[in-house]
Amino acid sequence: LRGLPLVQVPTTLIAMADAAIGGKVALNHPQAKNLIGAFYQPRLVIADVSTLTTLPKRELVSGWAEVVKHALILDPDFLEFLEANANGLVALEAAATTEAIRRSASLKAMVVSEDEKEQGRRMILNYGHTIAHGLEAATEYERFLHGEAVAIGMTGAAMLSERLGLISHDIVARQGRLIERFGLSTTCSDVDRDGVLKAMELDKKVRERAINWVLLKSIGQTTFRDDVSREDVVGVLKELV
């Protein structure tokens with residue numbers, strides 16, 4: 001666009017609550033996702049929640065994954081809000097839905113304002129995305145909507161967090177229950193597990209052939225780990241795929 005002012009008018013849940021905030025523009029490459037892209041910030045983002053009623057159910061369900069993610073990694077109170085209001089949110093009750101989108105977008109904007117180009121803190125937003133991008137690439141971006149892959153990816157990231165002794169099984173189970181309440185799956189079938197692993201090893205977070213994982217320490221707290229064994233990753237993938 002050569003520097004033209006840009007106003008985003010997202011009409012999907014995943015865009016309102018996440019993708020329209022932060023300025024990322026990128027292409028899906030056959031080998032991996034988000035390897036080719038740039039940053040270009042919009043002047044304004046306008047979200048009209050009433051447009052969500054036009055979405056196919058699957059597209060709407062997919063969007064809740066990123067909302068849940070923001071709560072898990074940044075805001076325990078928001079997670080409790082989602083748990084208390086899940087039924088109303090699934091039904092698109094206006095007040096609850098508007099509040100959920102507002103809080104999700106605000107959390108994303110807060111992180112982006114601290115680290116626009118993803119050199120540090122912004123990387124926490126990749127929670128669940130290493131496995132998710134592997135699933136998307138391994139299925140040529142045709143099988144999963146992004147949120148569907150993120151839901152499975154967050155499940156795997158939580159399981160790895162538990163394996164490393166960072167969180168209890170109660171947190172893994174709590175996350176899984178909330179994901180499923182929004183109509184998302186935590187596992188999948190008929191996917192080439194080796195293809196997923198290969199795509200993950202091309203992830204943008206790989207440094208010196210080691211994946212820099214975003215894992216949970218508790219609700220609202222994350223950590224980066226590049227010492228996750230391949231054995232643990234394969235073990236988790238066997239439970240997910």
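Take the UniProt record's numbering: the last position of the sequence shown gets the number 241, and nothing is skipped along the way.
No residue lacks a Cβ here, since even glycine has one placed at the ideal position from N, Cα and C.
Report the CB separation of K69 from Y127 in whole angstroms; it is logged as a contact under 8 Å. 6 Å
Between the stretch 168-175 and the stretch 108-121, do three or more beta carbon pairs fall short of 8 Å? no
Among the residues of its own chain, which have a CB less than 6 Å from the CB of M200, if the five just before and after it don't count? T130 and G134
Uninterrupted alpha helix (DSSP H) stretches inside the stretch 134-211 (no shorter than 4 residues): 146-163, 169-181 and 193-200
Quick one: what's W64 bridged to in DSSP? The partner list for W64 (beta bridge, DSSP) is empty, contrary to what the question assumes.
If you draw a straight line from the alpha carbon of T155 to that of I46, how long is it in whole angstroms? 31 Å
Relative to the C-alpha of P30, which residue among S229, G220, A149 and E142 is closest? E142
Do D190 and K108 have their CB atoms nearer than 7 Å? no
Return helix, strand or coil for T222, following the three-state DSSP convention. strand
Over what stretch of residues does the alpha helix (DSSP H) that includes K24 continue unbroken? Taken as a continuous stretch (DSSP letters only), K24 belongs to no alpha helix (DSSP H), being part of the beta strand (DSSP E) at K24 to N28.
Check whether T186 and G195 have beta carbons under 7 Å apart: no
State the start and end residues of the unbroken alpha helix (DSSP H) segment that holds E80. P76 to V90
Through-space distance from A132 to L44, alpha-carbon basis: 29 Å
Check this for me: beta carbons of A65 and A151, under 7 Å apart or not? yes
From which residue to which residue does the alpha helix (DSSP H) around G3 run? Neither: G3 is in no alpha helix (DSSP H) and is coded neither H nor E.
Answer with buried or exposed for I21, where buried requires no fewer than 16 other C-beta atoms within 10 angstroms of its C-beta. buried
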